[in-house]
Amino acid sequence: MYFPSSKDWWLSILYWLLIGGCVSSLFIEEDHKVLIFTLPLAVWLAWSWFATGYYLCDDWLIIKNGPIKKKIFIKEIRKVTKTKNPLAAPALSINRLEIIYGADFELALISPKDQEQFVSVLKSIHPPIETALD
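To convert, note that position 116 of the sequence shown is 116 in the UniProt record's numbering; the numbers rise steadily by one, no gaps.
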């Protein structure tokens, strides 16, 4: 099951201003050498904007952020809580879920659009997951 990332309006503005800034040298500069650096960044940002989401497949949570993919075994997830943690994460909203998993208490921050349904599906796959969504 696929859950797209929630997207904050202010992040929308930030992403598209950065993408616009990266490609603006196409129209402003006569020397297009700077595009060697800015065009890949623009592609990366656009790819991340359109392809950030979360898949619950069989026993795996797959976190996709553009070209990056991370897999978490659902039976290793210990706890899911709501957070507004601003750390860099494959999330396009500050309203996030903090997932604690693994023997070393690793952390993943995600922002599915429908958090309640996401957690409900997670718990249906692995009921012992602790949740705190208040």
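Just so you know, even glycine gets a beta-carbon here, dropped at the ideal spot from N, CA and C.
Between Tyr15 and Trp60, the C-beta spacing is not below 8 Å. Looking at Asp58, Gly20 and Tyr55, the one whose alpha-carbon comes closest to that of Pro40 is Gly20. The stretch 23-43 makes no contact with the stretch 75-91; the number of CB pairs closer than 8 Å stays below 3. Between the alpha carbons of Ala51 and Lys64 lies a gap of roughly 7 Å. A residue is called buried when at least 16 other Cβ atoms come within 10 angstroms of its Cβ; Pro90 meets this threshold and is buried.
In this chain, Val43 is not harboured by any beta strand (DSSP E); it is covered by the alpha helix (DSSP H) spanning Leu35 to Phe50.
Spatial neighbours of Phe3 in its own chain (CB-CB distance under 7 Å, excluding positions within 5 residues in sequence) are listed in chain order as Gly53, Tyr54, Pro112, Lys113, Asp114 and Phe118. Phe37 and Glu76 have their C-alpha atoms roughly 39 Å apart.
If you draw a straight line from the Cα of Asp58 to the Cα of Asn85, it is about 28 Å long. Per DSSP, reduced to three states, the secondary structure at Phe118 is helical. Your pair Ile125 and Ile74 checks out as a contact, with CB atoms roughly 5 Å apart and the cut at 8 Å. Looking at the DSSP output, Ala108 shares a beta bridge with Ile99.
A residue is called buried when at least 16 other Cβ atoms come within 10 angstroms of its Cβ; Ala108 meets this threshold and is buried.
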